[in-house]
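Undergrad: This is the structure I have questions about; it appears just below.
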Amino acid sequence: MSINSALQNGVSGLKANMTAVVSVSSNIANAGTDGYRRSFAQMVSSTVASSSGTAPPGGVRAVQASDIDADGQLRTTSRPTDLAISGPGFFVVSKNPNDPALSNYMLTRAGSFRPDENGDLRNAAGFYLSGFPYDTNGTLMAADRNSFSGLSTVNVGTQTIPGEATSEMGIRGNLPSQQTGVGAGAPFRSSASIYDPLGATQRLQFAWTPQATNNEWLLNVEDEAGAPLGSLTVTFADTGAAPGAPLSYTNFTNVTSAGASADDGLFDIDIGGGQTVTIDLGAVGTYGGITQFAGEYSPLDVTVNGSSSGTLSRAEVTENGDVFGIFDNGMRRALFSVPLAMVTNPNGLLTTNGNAYLLSNESGPLELASASAGAAGTITSGALESSNVEIAEELTNLIQIQRAYSSNAKIVTTVDEMLDETMRIKR
Numbered sequence: 373m374s375i376n377s378a379l380q381n382g383v384s385g386l387k388a389n390m391t392a393v394v395s396v397s398s399n400i401a402n403a404g405t406d407g408y409r410r411s412f413a414q415m416v417s418s419t420v421a422s423s424s425g426t427a428p429p430g431g432v433r434a435v436q437a438s439d440i441d442a443d444g445q446l447r448t449t450s451r452p453t454d455l456a457i458s459g460p461g462f463f464v465v466s467k468n469p470n471d472p473a474l475s476n477y478m479l480t481r482a483g484s485f486r487p488d489e490n491g492d493l494r495n496a497a498g499f500y501l502s503g504f505p506y507d508t509n510g511t512l513m514a515a516d517r518n519s520f521s522g523l524s525t526v527n528v529g530t531q532t533i534p535g536e537a538t539s540e541m542g543i544r545g546n547l548p549s550q551q552t553g554v555g556a557g558a559p560f561r562s563s564a565s566i567y568d569p570l571g572a573t574q575r576l577q578f579a580w581t582p583q584a585t586n587n588e589w590l591l592n593v594e595d596e597a598g599a600p601l602g603s604l605t606v607t608f609a610d611t612g613a614a615p616g617a618p619l620s621y622t623n624f625t626n627v628t629s630a631g632a633s634a635d636d637g638l639f640d641i642d643i644g645g646g647q648t649v650t651i652d653l654g655a656v657g658t659y660g661g662i663t664q665f666a667g668e669y670s671p672l673d674v675t676v677n678g679s680s681s682g683t684l685s686r687a688e689v690t691e692n693g694d695v696f697g698i699f700d701n702g703m704r705r706a707l708f709s710v711p712l713a714m715v716t717n718p719n720g721l722l723t724t725n726g727n728a729y730l731l732s733n734e735s736g737p738l739e740l741a742s743a744s745a746g747a748a749g750t751i752t753s754g755a756l757e758s759s760n761v762e763i764a765e766e767l768t769n770l771i772q773i774q775r776a777y778s779s780n781a782k783i784v785t786t787v788d789e790m791l792d793e794t795m796r797i798k799r
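Okay, here's the thing in structure tokens:
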């Protein structure tokens, strides 16, 4: 090996350690960057071919790599759209909302997502969160989970859901038995809100009038203005296997049986506008609905289905990645499912701007898995993943690199002195 080879080895050492310093400086600069993955330089020896055909030890070169598969610590925040991943997986983000160019989709662990002016969730780097949409029935739409093509930008902006008309109503409670058999008395009244097909609210009123016959009550159903809608008579048992339970339903006016028979306790009543409500008073011989025992009357418990129209007020994200919209009418509906991108070799991903990564041949095939399923990690709402950089480790590495750089510099100065001495021989 010539003296020039020694000089080249020293120079290669300087270059390799300079590359290592760049990695360390980047790590220290991004120690507070959410989701950042530390990079490092691995020193690899290189050989120089000689005229004899042998390859004696030569210089060194730095190969850059990253600890992409090493998790950082989670820290809590106060924002429900701040998302952190525990375990394997990456968020899928795009450069533009609903980006049609598949090449603009990337992977990231930086989950500081905020709604933009259109309600699209975007992180601090300006990338938009992607997910699979649910339809209005709460069914996850079918999509190819090995491609970005079926993804949509997660939107939590102004959304509305239509109202759902009330079709069923259940009445539970007790009527005072001592009020019957003494002549028709004043009715006991209760009311409940129902919803029409447009989502508007109206009230139905129920008047329970004790009859002169023991254990017999007349039920009148009225609209909120007091106009009659229908009526029926309920007779309760006072002996037998189920005393206090309904014994029979009779004397129907504008009310029809909604079950196999009136004994089912299910009745349809037309409230107008083409809307029919099925009222459940409880089957004959059971205690699941209206009953009659001695005691005080208390307002009856009435349950209804349906809802008013609603506007999205906030969003929640579950650990399996489902984004739920909470509406001001109390409804909760699934909007999106945020998948976690899984690859065979995360460390083979290509680093790009914005703390994001691109697929490569070395990273392996893509799978958009459901969070908390299989090998995929879980999503924590209201948290962010910190950088996996350890400052103490980086500063220690910096000292080692500085010493190695100084040693290689010494090689260069020593070879320079040797060359200078060789020049003096001629003189």
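For the sequence shown, the working numbering assigns the number 373 to the initial residue and increments by one for each residue that follows. Every residue, glycine too, gets a C-beta built ideally from N, C-alpha and C.
(1) Residues in its own chain within less than 6 Å of Gly-631 by CB, not counting five upstream and five downstream?
(2) Kindly list the residues whose CB is nearer than 6 Å to the CB of Asp-673, restricted to its own chain and excluding five residues on each side of it in sequence; keep chain order.
(3) Give the C-beta separation of Glu-766 and Asn-399 to the nearest angstrom, bearing in mind that I take them to be a contact with Cβ-Cβ under 8 Å.
(4) Could you pull the start and end residues of the beta strand (DSSP E) that Ala-741 belongs to?
(5) In three-state terms, what does DSSP make of Ala-392?
(6) For Val-528 and Ser-732, I'd like the C-alpha separation in whole angstroms.
(7) Can you name the residues that DSSP bridges to Leu-493?
(8) Within 10 angstroms of the Cβ of Pro-718, are there 16 or more other Cβ atoms? Answer buried if so, exposed if not.
(9) Under 8 Å Cβ to Cβ from Thr-453, same chain only, skipping five residues before and after it: list those, please.
(10) For the candidate residues Ala-537, Met-541, Ala-388, whose alpha-carbon lies nearest to that of Ser-778?
(11) Can you have a look at Ile-771 and say buried or exposed, based on whether 16 or more other CB atoms are within 10 angstroms of its CB?
(12) Decide if Asn-587 is buried, meaning its Cβ has at least 16 other Cβ atoms within 10 Å, or exposed.
(13) Based on Cα-Cα distance, which residue from Leu-547, Ile-773, Glu-789, Arg-796 lies nearest to Ala-434?
(14) When you compare only the Cα positions, how much space is there between Ala-747 and Ile-375?
(15) Decide if Thr-611 is buried, meaning its Cβ has at least 16 other Cβ atoms within 10 Å, or exposed.
(16) Under the assumption that Leu-604 contacts Tyr-621 (Cβ atoms under 8 Å), give the Cβ distance between them as a whole number of angstroms.
(17) Can you find the residues in the same chain that come closer than 7 Å, C-beta to C-beta, to Thr-663, ignoring five residues on each side of it along the sequence?
(18) Apart from the five residues just before and just after Asp-635, which ones in its own chain have a Cβ nearer than 6 Å to its Cβ?
(19) Would the beta-carbon of Gly-535 fall within 9 Å of that of Gly-682?
(20) Could you tell me the alpha carbon to alpha carbon distance between Leu-591 and Ile-698, rounded to whole angstroms?
(21) Can you give me the C-alpha to C-alpha distance between Ile-440 and Arg-410, rounded to a whole angstrom?
(22) Whole-angstrom Cβ separation of Glu-691 and Ser-744, contact assumed at under 8 Å?
(23) Roughly how many angstroms separate the alpha carbons of Glu-596 and Phe-578, rounded to a whole number?
TA: By the coordinates alone:
(1) Locating residue 631 in the sequence shown gives position 259, where the first residue counts as 1. Only Leu-638 meet the Cβ criterion.
(2) Indexing the sequence shown from 1 puts residue 673 at position 301. Arg-544, Gly-545.
(3) Here residue 766 refers to the residue found at position 394 when the sequence shown is read from its first residue. Here residue 399 refers to the residue found at position 27 when the sequence shown is read from its first residue. The pair is a contact, with the Cβ atoms about 5 Å apart (cut-off 8 Å).
(4) To locate residue 741, count along the sequence shown from 1; it is residue 369. Ala-741 -> beta strand (DSSP E) spans 739-742.
(5) Locating residue 392 in the sequence shown gives position 20, counting from the first residue. In this structure, Ala-392 counts as helix in the three-state DSSP scheme.
(6) Position 156 of the sequence shown, counting from 1, holds the residue named residue 528. Position 360 of the sequence shown, counting from 1, holds the residue named residue 732. Using only the alpha carbons, I get a separation of about 32 Å.
(7) Residue numbering aside, residue 493 sits at position 121 when the sequence shown is read from its first letter. Its beta-bridge partners are Pro-487.
(8) The sequence position of residue 718 within the sequence shown is 346, counting from 1. It is buried - the Cβ of Pro-718 has at least 16 other Cβ atoms within 10 Å.
(9) Numbered from 1 along the sequence shown, position 81 holds the residue referred to as residue 453. Within the same chain, Thr-453 has close Cβ partners Phe-485, Arg-486, Pro-487, Leu-493, Val-528, Ala-687, Val-689, Ser-753.
(10) Stepping through the sequence shown from its first residue, residue 778 is reached at position 406. Closest option to Ser-778, Cα to Cα, is Ala-388.
(11) Numbered from its first residue, the sequence shown carries residue 771 at position 399. So Ile-771 counts as exposed.
(12) Reading the sequence shown from its first residue, position 215 is the one you call residue 587. The residue is buried, with at least 16 neighbouring Cβ atoms inside 10 Å.
(13) What you label residue 434 is simply residue 62 of the sequence shown in a count that begins at 1. Comparing Cα positions, the closest option is Ile-773.
(14) Translated into positions along the sequence shown, residue 747 becomes position 375. Translated into positions along the sequence shown, residue 375 becomes position 3. Cα to Cα, Ala-747 sits roughly 55 Å from Ile-375.
(15) On the sequence shown, residue 611 is found 239 positions in, with the first residue counted as 1. The residue in question, Thr-611, is exposed, as its Cβ has fewer than 16 Cβ neighbours within 10 Å.
(16) In the sequence shown, the residue the question calls residue 604 occupies position 232. In the sequence shown, the residue the question calls residue 621 occupies position 249. Confirmed, about 6 Å.
(17) Taking the sequence shown and counting its residues from 1, one reaches residue 663 at position 291. Asn-546, Gly-616, Ala-617.
(18) Locating residue 635 in the sequence shown gives position 263, counting from the first residue. Hits under 6 Å: Val-656.
(19) As a position in the sequence shown, residue 535 is number 163, starting the count at 1. As a position in the sequence shown, residue 682 is number 310, starting the count at 1. Taking 9 Å as the Cβ cut-off, Gly-535 and Gly-682 qualify as a contacting pair.
(20) For the purposes of this step, residue 591 is identified with residue 219 of the sequence shown, where counting begins at 1. For the purposes of this step, residue 698 is identified with residue 326 of the sequence shown, where counting begins at 1. Approximately 37 Å between the Cα atoms of the pair.
(21) Counting from 1 along the sequence shown, the entry for residue 440 is found at position 68. Counting from 1 along the sequence shown, the entry for residue 410 is found at position 38. The straight-line gap from Cα to Cα measures roughly 7 Å.
(22) On the sequence shown, residue 691 is found 319 positions in, with the first residue counted as 1. On the sequence shown, residue 744 is found 372 positions in, with the first residue counted as 1. Cβ-Cβ separation between Glu-691 and Ser-744: approximately 6 Å, consistent with a contact (criterion under 8 Å).
(23) Position 224 of the sequence shown, counted from the start, is the residue given in the question as residue 596. Position 206 of the sequence shown, counted from the start, is the residue given in the question as residue 578. When rounded, the distance between both Cα atoms is 10 Å.
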